[in-house]
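Below: the structure, in structure tokens.
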Amino acid sequence: MTIQLQLKPEIEARLFAEAAAKGVSVEVYLESLIENSLASQEDWEAALTDLINSPAFTLAPPLSDAAISRESIYR
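In case it helps, our numbering puts the sequence shown at residues -4 to 70.
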């Protein structure tokens, strides 16, 4: 499907900048934005479950009590 949009120049500039920062074309970036915004509750739950079960999450050491104390938050 092809859609034409009239965007404000500042929005267009931000769009190009975000796409470039991610190393993708504007078309690919827009497609990912649309797909993510239309994801169902089940899609989000599956993605979060994958994140929780990922090695980066499960193998991370727990934070110490000092690291999560109220005093350490304000340092």
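Where a beta carbon is used, it is the ideal one built from N, C-alpha and C, also for glycine.
key: Val21 vs Ala12 beta-carbon contact at 8 Å   = For this step, residue 21 is matched to residue 26 along the sequence shown. For this step, residue 12 is matched to residue 17 along the sequence shown. In this structure, Ala12 does not lie closer than 8 Å to Val21 by Cβ.
inquiry  = Taking only three categories from DSSP, how would you classify Asn48?
reply    = Along the sequence shown, one-based indexing puts residue 48 at 53. When secondary structure is reduced to three states using DSSP, Asn48 falls in the coil class, being assigned neither helix nor strand.
query = For Leu43, which residues from the same chain have a beta carbon less than 8 Å from its beta carbon, with the 5 sequence-adjacent residues on both sides left out?
reply = As a working mapping, residue 43 is identified with position 48 in the sequence shown. Excluding sequence neighbours, Leu43 sits near nothing in its chain.
request  = Put Asp38 into one of helix, strand or coil per three-state DSSP.
outcome  = Numbered from 1 along the sequence shown, position 43 holds the residue referred to as residue 38. Helix at Asp38.
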